[in-house]
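Asks:
In this note's numbering, the protein residues as written are 24 to 195.
1. Which term fits residue 77, buried or exposed, when burial requires 16 or more other beta carbons within 10 angstroms of its beta carbon?
2. Checking contacts by CB at 8 Å: is residue 189 closer than that to chain D?
3. I'd like to know if the region 138-146 and the region 113-124 are in contact, where contact means that at least 3 CB-CB pairs between them fall below 8 Å.
4. What three-state label does DSSP hand residue 139 in the structure shown?
5. Taking residue 56 as the reference, which of 69, 159, 130 and 87 has the closest Cα?
6. Report back the beta-carbon spacing between residue 96 and residue 132 to the nearest angstrom; my notes put them in contact at under 8 Å.
7. How would you call residue 79, buried or exposed, if buried means at least 16 neighbouring beta carbons within 10 angstroms?
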């Protein structure tokens, strides 16, 4: 199983999703392992086979509820599909497991923003600002726009200026 899994992982990393899928399906017939279900979910996600991806991520999480990689991959898959409510459920669980992980908080803040929950978006994104050196253009644009939507003009202007400052060449 170990060598087959490594071969499947290598195929996945090389973008050979069909080969990875076939190997993982074969492995899953004899081993009910969360890592296999997680990777198979990621393969199905890349193939845009959403229901199969969801099924595999759910199997991984049943076997190992605190499996950070599976929950993160599941949340990202849900975001791609525009299912922000369910993505938020998983991102909030992840934020409990990894409260200062900037990638998790970034996705959570953007998911709240997508659902027009601007204050929650600001609250989460500000945690990133305080706890991480993450300071990219999209971060400040989202924070600035959320503040603008809540009519917090000064905070919006400050964040939009910071967006221009950290990425001065991205405005042409």
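Just so you know, even glycine gets a beta-carbon here, dropped at the ideal spot from N, CA and C.
Replies: Put simply:
1. buried
2. Of the protein chains in this structure there is only one, and it is not chain D.
3. no
4. coil
5. 87
6. With 8 Å as the limit, residue 96 and residue 132 do not qualify as a contact, their Cβ atoms being about 19 Å apart.
7. buried
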